[in-house]
Every structure is written in C-alpha cells, then in structure tokens.
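Protein chains in written order, with our numbering: chain A, 32 to 314; chain B, 180 to 549.
Every residue gets a Cβ at the ideal spot worked out from N, C-alpha and C, and that includes glycine.
Below is one structure, written out as structure tokens; the observations come after it.
Encoded structure:
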C-alpha cells in the first residue's frame, strides 16, 4: 500500500498581527507550522499503514524553508519526504497549485509506485479555500472523498474503501474504489508522537528536493502566476466600526442593576425582539 | 494544500495591474448563474441569499440571472427549487433531473454542472460555500480550467465588467479582492449568512431549460450506502438562529458553560463558542463561531468572555446587535460590539439571565393565573 500525504507549511495564523498603520501583515517572528488540518490526514495515513502495511510519502510544495515541515513529518513517522520547490511555482493560485502537485504525484508514482490513497487536510489555515484537494483528484482522475470523518474499512483485494463523510446536517456513508483522494476533517484523531527511532532517522534523512523539471513538469505555463487565472487585486484590513461599544462598567453598581440596564437597552435597540420573546413565552 | 498566493499578501505579485484580455472563446459568455443547492429535497438557505446577490450582479451587467437545479426526477425537490429561483429573482432556470442525482456525489454533479456551463456559457457562476458547494466547485473549476475564489464575503462588478470577489485571508486578519482574468466562467463560493436574504417577489414563472445527464450509474464509482441525519435536538442551528449566546476562554472552566446554556435557554437562543473552547474539547466543532467555524447573523449576539480576535470578528459582524461581556476593557471585541459590559462573564451571565427572566415575568404569571 502506498499512501501520499500532501501537507503545507503555513504561518501560525493565530499569531499574525496586522500593522495598525500600514495594514500589512507583520510576519516577523511568526512561527511556521504544519497546517493543523494536514496533521489529521497524516495520522490517518499512519493508521492505514498500521493496518495494511506499506509506505507513507509526504509531499509539500513551497519555499526551501518548507524542509522544516518535511523534517517534522519524518519525526512523526513518514517513510519518505519530497519537497517540490521551484521559482516557477511562485504566485500559484489553487488551479496552478493542483497542477504542480498532481504532476509531482504522478512522478512519485513512476518512481516509488502509484499511490492507492492521496490524503490532504480539508483546507489550510492561511488560504482556507479547500480547493487544492478536489483539484488534484480531478487532474489525476482519483475518486474524490472530501470532509471524511472516518475510514470504516479498506478491502485491498477488492480495492474498495468505505468511509463516513461529513455533509450538511448529517453523515454520508460512501463506498468507493482505490485509488482515491481523501480530505480529512478536523478533530478525527491526534497526531502520534513518533518513535525515538523516527526522530533519530529524521535528523539525517535525505529529503528529496524536486524542481519543476525533476517532477517531470513540461508545461511551465500552467505553473505559478502564468498558470493562475485568479489574481489578487487588493489586500486590505477590515474597516473598524466608527463607534466603539458603549461600555457599561460594573465597578460602582451591583451586577444585577447593570444586567437590568443591559436588558432594557437591548430591547430599546431591538423592540421586535421583546415582542418575539414575550409571545414565545420562552422567558 | 493551498494556494501559494496567500503567502504573498501584497498585490505587487506582478499581475495585479494586468488588464483583462479575454480570448475570443470566452467573449460570448453571458449571464449570472446561481447553483441551487438541495439538501435532501430542501433548498439550502445560502442559495436564496445567492439569488439576491446574483440579481444585483446581473442588473449591473445588464444580463439575465439563472438558477441551476440538479436533482432526482418527479419534482420532489426540484419543483420547489425552481419556484424558489423565480420567486427570488431568477429570469430562467436550468434543470437536470436524473435518479443518479438523488444524493450528492461528486462525479454526476460535476458532470451535470460542467455540461451545462459548456452548453450555455455563463459569465459568473456562484455556489454556496457548504460542504457540497466547495466539493463541487473545486471539481468543476478544475475541469473547466477556470478560476475559483473560495468563501467570499462580498461580491461586486467593477467598471470593466469583471467580478470582484472579496474574501478573508490569513485566518480573517486581512481581506483580499480577487479577479479571474482570461478565463470563464468566473466562479466563486460564498459563505452562508454573509449575504442577506432577499424579499420574495411575485414572479412565479420563468423559462425552464431542461437538459439530460449524459451518464449512467455504471460509470459512477462512488456509491452512497446511507445517510445518518444529525439528531434534531442536538443539532446546532447556529447559522440561522435569531439569538446566539457564545462563550470564550473568559469562562475559565468547562462547568461555567452552564451559565451560557441557561441564558440561551431562557431567551430561546442557540449557544456557541470561540475557537479555543473547541480546541480544549469543551464544545463540539459545530458550535464554533468564526472564520473556521460558523458565520452567524442573529438579531442579538451575546459574547461572554470572548476577546474578539479577527477570526471571531468575521464570523459575527453580520449580527444586528452585539453585546460583549469581558473583564478587559481594552479587549478587541469592544471595537466591534455595540454594547460592552466590563465584567466577569461568570458572575454577569447569571445576572443577565435573571434580568431577562424578571423582564418577561409578568406574562408568565398571567399564564399561571390562567
């Protein structure tokens, strides 16, 4: 069984601040992490390997510094790590990203055996688009299984997979075929610590760095800015509301008194709400 | 895996100033389309919101608005969906009915929508940013090799007729406006509840254009074995609740969530939380409010012990009245709340519940007398 997990190194968005004057992102000192959603995909890949044997190849596209993320994935227990890095990829939108990654996965297939499952997280925390996974599936003609909460079973002999998928208002049970692409929902598992052996191995393990040419990409026009139909025209900070909140202090009044004031004020602002609440008799 | 573009938020990436030079193949693309999502026979509210937004875009461009309905035959869900499309402003509707479209599966839905686009050439195609809409939009855009902007919060048409799609980036700390150059259709998904629901209009009829799905069951690899609906009682319906009460780290301990639930029950609202509480495992993910959770648009939003990071802000900005409770008078939540109480949520929430109860009490007493 060969499993490819696509991950991304992202800035820890919880620690990003916007410069109050220039409205630009202050990225200095912001740590980078493996996209948290991708860790659910990585752990699920390990669980499949635990059951069915095989290898887990981790793939990322990014700048050379994304090697750190690869190293981390190896300490968790990945068998192989490939970093797709080339200036031709700079400025890729989701369509161009899915092109480059799908080409790299095809090349991985040539070199190490075609993957049975490609895993990704449901989305990243910096782009939040959830589009690259479906893009890869479409380009490689893999069955697309998104927002998966559980892999119920895999029958390697019949090459069948049964999964549970989160959808609006419920859970879908699906049976599909390998090879497939799975995007994992958050909170379904916890990434393992990895063994001491893995940690020692990861420190020296050679990470394969592939350029566009190494990945067998010939149509460079499909990569980077040239291959991206979408263009960012403008970046700006959300406009602050002109008026700050009317603040009510509880220091010199009793809490009960302030609470009465707040309720009165809510209903002054939203008279319809009082009518609604009273007619419902919910209070 | 994600777009590299988001790593360079400055628009100086080289193409921002580029002019649109639409190839001839795309010159005849017209009209604005809204994909009408059916959730087990019911029109998803986001589709209605999109029809309202689509109507505005179509009027600006001087083109028609079309609803796209795909589903099982015999009009169980598709009939009402078409009626809704016209009632909320569509001029025409494209319809594909097939037993293969009874439950959502990527393959037949992608085929249906892609075929319609190729035959009828829309200029703009909008879908809800639901699990279905995002799954489908990614496949359709890749098949058509066109641009797709995810999770938009604002749509507009600029002077040269291009779709300007604005979306949060970097976890909501910045907004960016994205254009699709040189490809058609221009595709976007839009979060539920960020656009307002339009008025129903008395325009019950329009043109229906029917198509066949050129696919048979044997061609579809993935099969639906079953569907387990969320229990009605446990199902958090945050996105469409009129009153939402939410808590953050300021609540201190999991047992203090009870104060939140008490208030929510008293005033007939839903309860939710900010991201850290989900990470701590105090509340399930479907109750998380904010950029990576639900967007809400209630009449009243009470934020208790929530500091108000941008990620939270983008999820609640649409609320009519935001009441914030926080011990820190400099907390960012007070920058966008309408009313702020500088107090400890743990003591203030019970007082607020009591105050609501008191206010509503006379009527209750009347009930007891009667």
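- Nearest in C-alpha terms to residue 431(B), of all of 483(B), 465(B), 299(B), is 483(B).
- Pairing residue 493(B) with residue 259(B) gives a Cβ-Cβ distance that is not under 8 Å.
- Pairing residue 456(B) with residue 507(B), the inter-Cα distance amounts to about 19 Å.
- Remark: C-beta atoms of residue 132(A) and residue 115(A) approach each other more closely than 8 Å.
- Residues of the stretch 343 to 361 of chain B with a C-beta less than 9 Å from any C-beta of chain A: 343, 344, 345, 346, 347, 348, 349, 350, 351, 352, 353, 354, 355, 356, 357, 358, 359, 360, 361, listed in chain order.
- Residue 434(B) counts as exposed, since fewer than 16 other C-beta atoms from the protein chains shown sit within 10 angstroms of its C-beta.
- DSSP, read as helix, strand or coil, puts residue 69(A) in helix.
- Secondary structure at residue 112(A): strand, using DSSP grouped into helix, strand and coil.
- Residue 452(B) and residue 418(B) have their alpha carbons spaced roughly 13 Å apart.
- In the displayed model, residue 380(B) falls within coil according to three-state DSSP, outside both helix and strand.
- Inter-segment contact for the stretch 220 to 228 of chain B and the stretch 367 to 384 of chain B is present: three or more beta-carbon pairs are separated by less than 8 Å.
- In the DSSP assignment, residue 272(B) forms a beta bridge with 246(B), 387(B).
- Neighbourhood of residue 205(B) in chain A, by CB distance below 8 Å: empty, with the nearest CB roughly 11 Å away.
- Check the Cα spacing between residue 111(A) and each of 35(A), 61(A), 301(A), 231(A): the tightest is with 35(A).
- Take residue 69(A), set aside five residues on each side of it, and the residues of its chain with a beta-carbon closer than 6 Å to its own are 38, 152, in chain order.
- A Cβ-Cβ separation of about 12 Å leaves residue 327(B) out of contact with residue 296(B) under the 8 Å criterion.
- Secondary structure within the stretch 239 to 270 of chain A: not one fully enclosed alpha helix (DSSP H) run of 4 or more consecutive residues is present.
- The alpha helix (DSSP H) runs of length 4 or more contained entirely in the stretch 106 to 161 of chain A are, from start to end of the chain, 125 to 143.
- Here residue 519(B) carries a strand assignment [DSSP, helix/strand/coil].
- Just measuring C-alpha positions, the residue of 450(B), 525(B), 401(B) sitting nearest residue 279(B) is 401(B).
- When DSSP states are grouped into helix, strand and coil, residue 341(B) belongs to the coil group.
- Across the stretch 209 to 226 of chain A, CB contacts with chain B closer than 8 Å involve 217, 218, in sequence order along the chain.
- By DSSP's assignment, residue 33(A) forms a beta bridge with 86(A).
- Scanning 176(A), 67(A), 160(A) for the CA closest to the CA of residue 351(B) turns up 160(A).
- Between the stretch 289 to 307 of chain A and the stretch 514 to 522 of chain B there are three or more inter-stretch CB-CB distances shorter than 8 Å, so the stretches are counted as touching.
- Approximately 14 Å separates the beta-carbon atoms of residue 249(B) and residue 316(B); this is outside 8 Å, ruling out the contact.
- DSSP places residue 288(B) inside the alpha helix (DSSP H), whose first and last residues are 285 to 299.
- Contact check for residue 344(B) against residue 325(B) fails: the beta carbons are separated by 8 Å or more.
- Each of 309(B), 298(B), 319(B), 358(B) was checked against the Cα of residue 286(B), and the nearest Cα belongs to 319(B).
- In the three-state DSSP reduction, residue 282(B) falls in the coil class, being neither helix nor strand.
- Residue environment: residue 277(A) is assigned as exposed (fewer than 16 neighbouring CB atoms within 10 Å of its CB, all protein chains considered).
- In this structure, the beta-carbon distance from residue 100(A) to residue 40(A) falls below 8 Å.
- Beta-bridge partners assigned by DSSP to residue 470(B): none are found.
- Excluding the 5 residues flanking it on each side, residue 127(A) has same chain C-beta neighbours closer than 7 Å at 253, 254, 255, 258, 259, in chain order.
- By the criterion of a C-beta distance shorter than 7 Å, residue 279(A) is surrounded in its chain by 289, 292, 293, once the five residues flanking it on both sides are discounted.
- Of the candidates 264(B), 517(B), 304(B), 217(B), the residue whose Cα lies closest to the Cα of residue 377(B) is 264(B).
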